[in-house]
Structures are given as structure tokens and as C-alpha cells.
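Have a look at the structure below before the remarks.
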Amino acid sequence: MLEFDNERSDAEAMIKVIGVGGAGGNAVNTMIENAMEGVHFVAVNTDIKDLRKCKAPEKIQIGASLTRGWGAGSDPQLGQRSAHEDREKLQSAITGADMVFITAGLGGGTGTGASPVIAELARNAGALTVAVVTKPFEFEGRIRYSQAEDGIKELKNQVDALIIIPNQRLMDAVHPSTSIIEAFHMADDILYQGVQGISDLIM
């Protein structure tokens, strides 16, 4: 259960939104494009090309010595090790935050593996820590779905609140002609709405 400190009402809370991995970065881009205000955006990725595409003002490449900037290759353990390798950079990005949103698409390497590490750092720093994540579409395969389930278990132990968005329900609710690209854009928009809705409660 989320609890908000009314004593902070006279001072603006520092809210940081950390997009982890490719899907997290895309979600951050959607938030920025929708002119979401009152938050500081951070992008975290192992894939340097994806990271450069993100519009977040603060970008953190993790695991450069492990991945050489090519990403975690759908390996959550590599994503986790990459986050541990750059714990100091991640900790510095979190410093001063009253609330940290972690947004990611689970099932791949970086989002699944690094998000729990970042959540642990944020919570240990005293920030109210909320993860807003998606589960894979069915067409992404059983391996990604299984990895997403493992990632959820890890996150539950590290956050104050966990909001899970099953992407497949989006597909089930839209017209059959909806393209894969459109479906992923819809998922980005749902992540944005989830973060916006909660941040509005405390601003």
C-alpha cells in the first residue's frame, strides 16, 4: 500500500522516473512527448544505440565491459551483472529522490535483470519505490514470458508497490488488424498513464 506524507505538501517532492532497457526507454520517450511535468527522467540501458535514441536528459550506460554496448541479449543475469557493475552510477542518479518510478518491459535482459537492482538501491536510499512494468505479448514466446515471471518475483522483494501491465490483454482488446508496432506503442502509452496517475496524487 502506498502512503504519502502530507507534511511535504509545502515542498515539491523530487520524483525520478527511470526507464530501464529498450521498453523502459521507449516509455520514457512517450512521457516526454506527452509533456509530463514535475519529474526528472533517467534512461538506463546496456545497449548504447538504444540509449542514444532516448530523450531522457540523463542517460546511464551499464555493463559496458560485459556487453560492449550491444545489450544484454535477452539474458536477465547479464542485465543484473551489468547493473551491479555500475551500482555507483545508478546510486548517484537516485540520490535526492523522494520517489522513484522504475518502468520497464519484462522478459528481456536489461529490463528484467537490472530493474530489481535499481529498485533495491532506490529503496535503500529511502525513496518510495514503485515499479510499473509490462509482461510480454504471447507472440514474444514462452522464454520471455517465463523470464518476466522471474523478474516479477525479484521486483516484489525490492519495491513498495508493483504495477503489472499484461501486454496480451491489450491485444485481446483491440482490432485484429492492429500491427505489432501499434501494439508496442499502446503498451508505452499505458506505462505512461500508470506513472502519470500515481505522480499526480503526490504533486
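Residue numbers (the numbering used here): 2 to 204. Using N, Cα and C, we set each Cβ at its ideal position, and we do this for glycine too.
Status (buried if at least 16 other CB within 10 Å, exposed otherwise) for residue i
| i | result |
| --- | --- |
| N27 | buried |
| Q78 | exposed |
| T47 | buried |
| E155 | buried |
| A188 | buried |
| V201 | What sits at residue 201 in the sequence shown is Asp, not Val. Classification for D201: exposed. |
| N7 | At N7 the pLDDT is 47, less than 50, meaning the model places this residue with poor confidence; the figure from the coordinates comes in the next sentence. With fewer than 16 other Cβ atoms within 10 Å, it is exposed. |
| R145 | buried |
| A162 | exposed |
| T31 | buried |
| P117 | buried |
| R9 | Confidence at R9 is low in this model, with a pLDDT of 47, below 50, so the placement of that residue is unreliable and no value is reported for it. |
| G114 | buried |
| G198 | exposed |
| D51 | buried |
| T96 | exposed |
| V175 | exposed |
| I119 | buried |
| E121 | buried |
8 angstroms contact criterion, which residue i and residue j should meet: CB distance rounded
| i | j | result |
| --- | --- | --- |
| V40 | A105 | Not a contact, Cβ separation roughly 16 angstroms. |
| I49 | D87 | Contact flag wrong, Cβ pair sits at about 13 angstroms. |
| A132 | I103 | 4 angstroms |
| A57 | V29 | 5 angstroms |
| L192 | I166 | 7 angstroms |
From the options, residue whose alpha carbon lies closest to that of residue i
| i | options | result |
| --- | --- | --- |
| Q81 | Q148, I164, N168, L171 | Q148 |
| L67 | K60, S83, K56 | S83 |
| E34 | E89, E155, D190 | D190 |
| Q92 | T113, V43, A65 | V43 |
| G25 | A36, I16, C55, I199 | C55 |
| E89 | E38, A123, G70 | A123 |
| G195 | G23, M37, E13 | M37 |
| G74 | G112, V160, A184 | G112 |
| K17 | I182, D51, A98, A120 | A98 |
| G108 | G70, T96, E150, V45 | E150 |
| A128 | A94, R143, V175 | A94 |
| M15 | T130, G72, I61, W71 | T130 |
Check: Curious, which full-length alpha helix (DSSP H) runs of at least 4 residues does the region 11-80 contain?
Finding: Those alpha helix (DSSP H) runs which fall completely within the region 11-80 and span 4+ residues are 22-34, 49-54, 65-68.
Notebook entry, point to check: Is the region 125-145 touching the region 167-185 in the sense that three or more CB pairs, one from each, lie closer than 8 angstroms?
Noted result: Under the three-pair Cβ rule at 8 angstroms, the region 167-185 counts as touching the region 125-145.
Next item on the list: List in chain order: all unbroken alpha helix (DSSP H) runs of 4+ residues lying wholly within the region 128-194.
Entry: Entirely contained in the region 128-194, the alpha helix (DSSP H) runs reaching 4 residues are, in chain order, 143-157, 168-174.
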